[in-house]
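Protein chains: 2
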Amino acid sequence: MAGVTLRDVALTVGVSAKTVSNVVNGTGWVSDEVRDRVKEAIRELGYRPNFAARQLRHGRTGLLALAVPDLREPYFAELAASFVGTAQKRGRTVLINQTGADRDIERALIEGEGLPSIDALVLSPLALTAEDLGARRSRTPLVLLGEQAAVLLDESIVHLGMPNVTASRAAVEHLIAQGRRRIAAIGIQNSGPNASSSLRALGYREALAGAGIAVDPALLREVVHFSRAEGTRSVEEMLGARVEVDALFCFNDSLAFGALHALAVNGIRVPEDVAVVGFDDIDEGRYTVPTLTTVGPGPEVIADHVFDLIDRLEEQPIGRHVLPHELVIRESA
Amino acid sequence: MAGVTLRDVALTVGVSAKTVSNVVNGTGWVSDEVRDRVKEAIRELGYRPNFAARQLRHGRTGLLALAVPDLREPYFAELAASFVGTAQKRGRTVLINQTGADRDIERALIEGEGLPSIDALVLSPLALTAEDLGARRSRTPLVLLGEQAAVLLDESIVHLGMPNVTASRAAVEHLIAQGRRRIAAIGIQNSGPNASSSLRALGYREALAGAGIAVDPALLREVVHFSRAEGTRSVEEMLGARVEVDALFCFNDSLAFGALHALAVNGIRVPEDVAVVGFDDIDEGRYTVPTLTTVGPGPEVIADHVFDLIDRLEEQPIGRHVLPHELVIRESA
DNA sequence: CAGGGCGATGTCAACGCTGACGGACTCGGG
DNA sequence: CCCGAGTCCGTCAGCGTTGACATCGCCCTG
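Protein sequences appear in the order of chains H and U.
Residue numbers for the first sequence follow my numbering, so the first one is 1 and each next one is one higher.
Residue numbers for the second sequence follow my numbering, so the first one is 1001 and each next one is one higher.
See the structure below:
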């Protein structure tokens, strides 16, 4: 489609294709005069190097695939935004897929089915099993995000875990340090022991235990999704049941946004009456009223770290990595 | 990286590379027996076709680039989600870029700089000028979304416009039909006459004029961004100024969500006291309380239509296309 | 039994680019 | 005047794949 090739440029200038290639890539020796004429011709003809040919010649593509369950969820939208932004800064391109939490799709992705040749796949798995990973044939480097796949079987897999337990504990300890004692945990799910929900609940329990506070089942609120609507519903239910509360630890920021909404509608002041802490540090927390206190690492940090890993892929980084957590204190707690 | 090539498979089976190619692509004639042996070997060796080589051979990549200002904005996140979903259904792959509303980045993108070879670029431009488009060298098909680039100079450009005026008019007429007379327009901006904001304001005025209702400047609310926070702020300001209102037409759904929040906090019932209509038909409107009445076309429809255009790119579709609008009636109005 | 048609597979070249290598030419020192 | 080192540029081949075309054996028809 592009039409103009190295050869075309070479012909109009009257040199060999290789010389033009040298000019384009800054390799070899080219006299200033020839270089200028070549550059001129390139501009003139509108020559653009052909990616496919380049790639075919020497393995790399500069392409990186990111696969998340659903871009509609704010957390994944932000994650994707951070990836794309970081990639653009680093001269790479991100190609995005949605798994819809479908195991077959996740399985197809780790095999690279339907994908162009990429340098690495970054996957936030939800349904993938250890067997699937074990059965993997593709040798494309794979970076797994999150807890769902804590099992590593293939030597080409890198796992980047979130500091779920420690971050959650830090968040709840922050609430306790402010004198809060009736702290609700919003986001309980009936999932496996390695699921994010379970790990965050564990951090919550550890913090309470550390302060000698008993866990009140009435303060453990189950949700179906980590969504705004569920956050609202949870709080409405607690209020309806007249549960005494002075703080909320929400298992992600969307839940927290929903909770803030419910509190505002019911005339409950934040943080005076009830303090609120979220989890994930997504951007929108800067713009809510009040602004949201939350724990990270945020998407930017994750993206940055993943790119670091990918850049050093030939060397070491196989195995499990866990990012440090950080507490982002804003107005809500 | 993949290592295994057609030739490898061919050698182990004892046929020619071309035959393997025929099996893979379902082209030509291959006996069932050979086909089975080849398939077996493919599975055995873990052969994966090389995208770069395929592409080099015959122009297509199956890659499609989508460039939006910022994935963090819910509307663009949904648009991207719809694109990715539709692409997956249609056997294509989407690669995403963010422009950050930066003219240099938009300019670089329409030239394909830094991008791999793609079949088409879909761009939602904010800063691009007519000159930029005129100066474009790349011949990659380009689909422009939205109003910012109503000027077409290059014959390889397809413009997909939103039905801003007609959809807005329909939204406001819907409010008027319910007997609403004090209808605020939330989302006024001081931008050019072709900007979305101006066109939506025009639809609003047309609807009022059609019903013989005068425009009250107190009901025209300016915003900086089309964001949730600004929607909240606008409504708080109106309430603070004791402006009489019985309906809100918000220029996008995010503004509407913010408005719903402000109304709820202030104990104003929706739709009994104030009706609310948004614009864009993003998914979240299904989950708010109350659910949001809005006008489309929604992201899904847009994505679908863009893919149709791209599939028929060789033929006709150069020029301006405008999607039909649709009114999505839910609880809020 | 010649000739045509069809099924099944192979040969060849080219897509655009770039490493490895090989001239040719200049210049300065021995 | 010869030779090595340094410049500048070209030739060649091949990355993996697939269209165009050739080949070969077979059955069918007249």
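Every residue gets a Cβ at the ideal spot worked out from N, C-alpha and C, and that includes glycine.
Note that the coordinates shown come from a computational prediction; the quantities given were computed from them, not determined experimentally.
Just measuring C-alpha positions, the residue of Ile302/H, Arg269/H and Asn164/H sitting nearest cysteine 250/H is Asn164/H.
DSSP links glutamate 1222/U through a beta bridge to Ile1188/U. Judged by DSSP secondary structure, leucine 1255/U falls within the alpha helix (DSSP H) whose first and last residues are 1253–1265.
Listed in chain order, the non-local C-beta contacts of arginine 169/H below 8 Å within the same chain comprise Gly203, Tyr204, Glu206, Ala207 and Gly210, local neighbours out to five positions each way being set aside.
The beta carbon of leucine 6/H is closer than 7 Å to those of Ala17, Val20 and Ser21 in its chain, skipping five residues each way along the sequence. Distance between alanine 1333/U and leucine 145/H, taken at the CA atoms: about 42 Å.
Rounded to whole angstroms, the separation of the alpha carbons of leucine 1160/U and alanine 1195/U is 14 Å. Remark: C-beta atoms of leucine 248/H and phenylalanine 226/H do not approach each other more closely than 8 Å.
The Cβ-Cβ distance between methionine 238/H and alanine 201/H does not fall below 8 Å.
For glutamate 1147/U, same chain residues with a beta-carbon under 8 Å away, outside a window of 5 residues either side, are Gly1161, Met1162, Asn1164, Asn1194, Ala1195, Ser1196 and Leu1199 in chain order.
Any Cβ of chain U closer than 8 Å to the Cβ of histidine 58/H would place that residue at the interface, and such an atom is absent. The stretch 1024–1068 of chain U is shown to contain whole beta strand (DSSP E) runs of 3 or more residues at 1063–1068, in chain order. Following the DSSP letters along the chain, one finds alanine 1177/U inside the alpha helix (DSSP H) bounded by residues 1164–1177. Against chain H, the beta carbon of phenylalanine 1051/U has neighbours under 7 Å at Pro116 and Ser117, listed in chain order. For leucine 1142/U, the closest alpha carbon among the candidates Thr1288/U, Val1215/U, Leu1064/U and Leu1071/U is that of Leu1064/U. Residues of the stretch 1261–1272 of chain U with a C-beta atom less than 7 Å from some C-beta of chain H are His1261, Ala1264 and Val1265, listed in chain order. Not one beta carbon of chain H lies nearer than 8 Å to the beta carbon of glutamate 1044/U.
Excluding its 5 nearest sequence neighbours in each direction, leucine 1079/U has C-beta neighbours in its own chain below 6 Å: Pro1299, listed in chain order.
Isoleucine 1110/U sits in a helix when the DSSP states are folded into three classes. DSSP places histidine 1305/U within a helical segment (H, G or I) once states are collapsed to three. Where glutamate 1326/U is concerned, the enclosing beta strand (DSSP E) starts and stops at 1326–1328. Among the bridge pairs identified by DSSP, alanine 1247/U is matched with Ile1183/U and Ala1275/U. When secondary structure is reduced to three states using DSSP, threonine 129/H falls in the coil class, being assigned neither helix nor strand. DSSP places threonine 294/H in no alpha helix (DSSP H) but in the uninterrupted beta strand (DSSP E) bounded by 293–295. For arginine 1072/U, the secondary structure class from DSSP, reduced to helix, strand or coil, is coil. Annotation: glycine 1278/U to valine 1084/U spans about 24 Å, alpha carbon to alpha carbon. Assigned with DSSP and collapsed to three states, arginine 1320/U falls in strand. In the three-state reduction of the DSSP assignment, glycine 1161/U falls in the strand class, which pools E and B. DSSP, read as helix, strand or coil, puts threonine 1019/U in helix. Per the Cβ contact rule, the stretch 1286–1305 of chain U is not in contact with the stretch 1127–1139 of chain U (fewer than 3 Cβ pairs under 8 Å). Distance from the CA atom of glycine 91/H to the CA atom of glutamine 178/H, rounded to whole angstroms, is 45 Å. Cα atoms of glutamate 244/H and leucine 219/H: separation of roughly 9 Å, rounded to the nearest angstrom.
A Cβ-Cβ contact shorter than 8 Å links glycine 1046/U with valine 1004/U.
At a beta-carbon threshold of 7 Å, the residues of chain U lying near arginine 72/H are Ala1077, Glu1078, Ala1081 and Asp1283, ordered along the chain.
Secondary structure at valine 9/H: helix, using DSSP grouped into helix, strand and coil. A check of alpha carbon separations from alanine 1087/U across Tyr75/H, Gly114/H, Glu106/H and Val265/H identifies Gly114/H as the nearest.
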